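Encoded as structure tokens, the structure appears first; notes follow it.
Protein chains: 2
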Amino acid sequence: MKKINFFSGPAIIPNSVLVKASESVLHIEELGLSILEISHRSPTFQHIMSQARLLVRQLLGVPSTHEVLFLHGGASAQFYMVPMNLLKPESTATYTDTGQWAAYAIKEARKFGHTHIACSSAQNGYRNIPKTLDIPTDSAYLHLTSNNTIYGTQWKSFPKSTVPIVCDMSSDIFSRSIDVSQFDIIYAGAQKNLGPAGTTLVIVRKDILGKTGRDIPTLLDYQTHIEHDSMFNTPPVFAIYVCYLTLQWLAEQGGVSAMEQRNKEKAALLYAALDANPAFIPYADKEDRSLMNITFHAVNEAVSTRFLDICAAAGIVGIEGYRKLGGFRASIYNAMDIAGVKVLADVIASVKD
Amino acid sequence: MKKINFFSGPAIIPNSVLVKASESVLHIEELGLSILEISHRSPTFQHIMSQARLLVRQLLGVPSTHEVLFLHGGASAQFYMVPMNLLKPESTATYTDTGQWAAYAIKEARKFGHTHIACSSAQNGYRNIPKTLDIPTDSAYLHLTSNNTIYGTQWKSFPKSTVPIVCDMSSDIFSRSIDVSQFDIIYAGAQKNLGPAGTTLVIVRKDILGKTGRDIPTLLDYQTHIEHDSMFNTPPVFAIYVCYLTLQWLAEQGGVSAMEQRNKEKAALLYAALDANPAFIPYADKEDRSLMNITFHAVNEAVSTRFLDICAAAGIVGIEGYRKLGGFRASIYNAMDIAGVKVLADVIASVKD
């Protein structure tokens, strides 16, 4: 029996995507080869790559000023690629410290230049998104984490700024409408809302590159990948293929705005169940609650144990919170349907202290 | 009908591996989830990762002085990771220039320190492996490319040296017995002899690290991955899973020495067919011929066209040479069986000028 998958990432993938991907691993009928065995220079993969990039462009409304790239590695590779490409040694980049991944991005940036912290919610356990930001006007860029997977907080609107904005959207890309032109770099590891682990989507404004004077390794220079259509070296073929299938599925579902509507409904169901039940304590401040990662704790160990037992009986997996935070987390990315969320909401409602 | 796949990489994968991988993409029965949907922290993937690393250790006889890592990206990411981790800014690394990938590795090393070229076969189109090397004794390391995929040459024995040896074995790892203790770093992109594109195997002698004084990005420091068992960040789960299946298959086939015997037979069949037919001209010098990539040209355009037509009719794909070199290349990695090679040898024998 298929489980109801609330893992935070690698995470749930639409079933129709899994069926097609599984067939293609066995063989692509017209080729007589597996998707894993074909050259990245083959017409079949060239088509997959160009269509995947085009679908990203269409689904997010990426303007012609920006390039769409699929790179190797996860989002954390962007923690060093961003400052390597944008931050001069004597300049300062401004970071918003809204969670563990944001803090890790700051640590990596310090190896390339100076950093300034515009705001931090570390003191209250990253339960909220700070409302006041200090952004020096000469910052090389402002770095945001749009959704904090571990703590379950999310920027509902993005700060306005005259400095270029770089945003890690790993856990909420394609989950809501965004104005790409507001951002100079958007990056997102695939394994939450886009596909399997092993590739990262990067959307980059072309005219911000090449200004640091730094001699960047060829593969770590965004310009290399722009000039070679993400095919300078052998790309992670299968991961990009599954992203392509997921993007097709997303388009069939009505695109990002339809998904946003559904995501709001899904999150509302779970937050309502949690708010109505004193046996649970939601983690994030109400106004900053994430639509993607619903974080909460049980009031005591007995509730916690009972909740996990009922979840297991209902076929729910991946509900445990991040190891350092404890408690619970329901990750309800695009591929999670309302039926699955309702099962969890019912379980939450059924557990009494 | 399944094609006979001579692609240079991404390349042929054993059929039994494809069958298992395809099933796991649909679902892993005992989990009720796809391999693409499970957390890298799940017991299932922890087992896959540890078993994959153990199999590498067993199959190659990796000594306890060395660590086995699976990293994101392809071998070309190692072109900068190696000098970043081993080469002090004022020191010199020595490189052997035996092909295009070797030359690319040299270009990247120059961003981190000085380079010295021990030998080069560029002048004769990389047709041979130089026999005389100039290796300064104070080199940070000596870099080799064990098999040159594009030109079809291969080091039959490795040079003895007092300096640490780093070797790119992307296109012949697991194809022949090696003495791992001779090397300080071995690296290999997966997509030739090991699995699909998207991960790179790195075997590193632990005591050579941490000596450059360079502040390395966390993810580009081999030490990070050693300390976290290749799980510091989300690894490329599926690519590593397919490597694990391929390593199991390799062990079932009798391991590296059995594979070496079979690879010698396969290569001998093709070189004999080429040497016997004046319609073709093998590319590499006889004594340096690769057992993995057999490179050759047709004597004229008519032969070339006829050869390609007969290949197509026989179900042979991926036989074209590297785009800049032209001609033909038969990549006969471990997963290519003797039956497939015999089909090609018969086609070669059948074409007359």
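For the protein sequence lines, the chains are A and B, in the order given.
Using the working numbering, read the first sequence as starting at 3 and increasing by one per residue.
Using the working numbering, read the second sequence as starting at 3 and increasing by one per residue.
For every residue, glycine included, the Cβ atom is placed at its ideal position computed from N, Cα and C.
Since the model is a prediction, treat every value here as computed from it, not as a measurement.
Reduced DSSP secondary structure (H/G/I, E/B, other) of residue i
i	result
ASN17/A	helix
GLN125/A	helix
ASN87/A	helix
HIS74/B	strand
GLU322/A	strand
VAL258/B	helix
GLY191/A	strand
PRO284/A	strand
ASN295/B	strand
HIS49/A	helix
TYR143/B	coil
PHE8/A	coil
VAL301/A	coil
HIS116/B	strand
GLU289/B	helix
SER306/B	helix
TYR335/B	coil
HIS68/A	strand
ALA95/B	strand
ILE30/B	strand
VAL206/A	strand
ASP355/B	coil
Contact set for residue i: own chain, Cβ-Cβ below 7 Å, skip 5 residues either direction
i	result
GLY75/B	THR202
ILE14/A	ASN7, TYR335, ALA337 and MET338
TYR285/A	ARG129, TYR153, GLY154, THR297, PHE298, HIS299 and GLY329
GLN102/A	ILE152
Exposure of residue i, with buried meaning 16 or more beta-carbon neighbours within 10 Å
i	result
ASN302/A	exposed
PRO138/B	exposed
SER183/A	exposed
ILE283/A	exposed
LYS158/B	exposed
ASP223/A	buried
MET3/A	exposed
SER333/A	buried
GLN156/A	buried
ILE50/B	buried
ARG325/B	exposed
ASN126/B	exposed
GLY323/A	buried
LYS266/B	exposed
Nearest candidate by alpha-carbon position, reference residue i, set the options
i	options	result
VAL19/A	ILE312/B, ILE37/B, PHE81/B and GLN125/B	ILE37/B
TYR106/A	TYR82/A, GLU92/A, VAL258/A and ALA95/A	TYR82/A
PHE1/B	ASP209/B, ILE15/B and LEU196/B	Only positions 3 to 355 of chain B appear in the structure, and residue 1/B is not among them; the question remains open.
THR214/B	LEU276/B, PHE114/B and PRO198/B	PHE114/B
PRO166/A	ILE131/A, THR236/A, VAL84/A and ILE242/A	VAL84/A
SER148/B	ALA190/B, ALA124/B and GLU110/B	ALA190/B
THR226/A	VAL239/A, ASN17/A, PRO238/A and LEU211/A	LEU211/A
VAL204/B	LYS354/B, HIS49/B and SER78/B	SER78/B
ASP355/B	ALA95/B, ASP311/B, ALA281/B and LEU327/B	ALA281/B
GLU92/A	ARG216/A, VAL244/A, CYS313/A and LYS288/A	ARG216/A
LEU71/A	LEU221/A, LEU310/A and ASP348/A	LEU221/A
GLY197/A	ASN195/B, VAL27/B and PRO161/B	VAL27/B
ASP287/A	HIS29/A, LYS133/A, ASP181/A and ALA95/A	LYS133/A
PRO219/B	ALA260/A, VAL349/A and ARG112/A	ARG112/A
Cβ-based neighbour list, residue i, same chain, cut-off 8 Å, excluding 5 preceding and 5 following
i	result
ALA351/B	ALA275, ALA278 and ASN279
VAL345/A	ILE6, ALA316, GLY317 and ILE318
CYS169/B	HIS145, LEU146, THR147, SER148, PHE160, PHE185, ILE187, ILE188 and TYR189
ILE340/B	ARG264, GLU267, LYS268 and LEU271
Cut-off 6 Å between Cβ atoms - residues of its own chain near residue i, not counting five sequence neighbours on either side
i	result
GLN193/B	GLY11, PRO12 and ALA199
VAL80/B	At residue 80/B the sequence reads Gln, which differs from the Val that was named. Excluding positions up to five away in sequence, the list reads TYR189.
MET171/B	SER148, ILE188 and ALA190
LYS22/B	LEU247
ILE228/B	GLU69
SER122/B	ASP99
TYR243/A	ILE37 and ILE50
GLU110/A	PHE81 and TYR82
ASN150/B	THR100 and GLY101
request  = Mind the definition here: the segment 47-59 of chain B touches the segment 247-261 of chain B only if three or more C-beta pairs lie below 8 Å; say whether that holds.
outcome  = yes
ask   = Are the segment 142-152 of chain B and the segment 84-91 of chain B touching by the rule of at least three beta carbon pairs closer than 8 Å?
value = yes
ask   = Can we say the segment 170-187 of chain B touches the segment 286-306 of chain B, given the rule of at least three CB pairs closer than 8 Å?
value = yes
query = Can at least three beta-carbon pairs, one atom from the segment 59-73 of chain B and one from the segment 118-132 of chain B, be found at a separation below 8 Å?
reply = No, the segment 59-73 of chain B does not touch the segment 118-132 of chain B.
request  = Decide yes or no for the touch test of the segment 6-18 of chain A against the segment 307-326 of chain A: beta carbon pairs closer than 8 Å, at least 3 of them.
outcome  = With the cut-off at 8 Å, the segment 6-18 of chain A and the segment 307-326 of chain A touch.
task = For the segment 36-53 of chain B and the segment 235-245 of chain B, state whether three or more C-beta atom pairs, one from each stretch, are separated by less than 8 Å.
result = The segment 36-53 of chain B makes contact with the segment 235-245 of chain B; the number of CB pairs closer than 8 Å reaches 3 or more.
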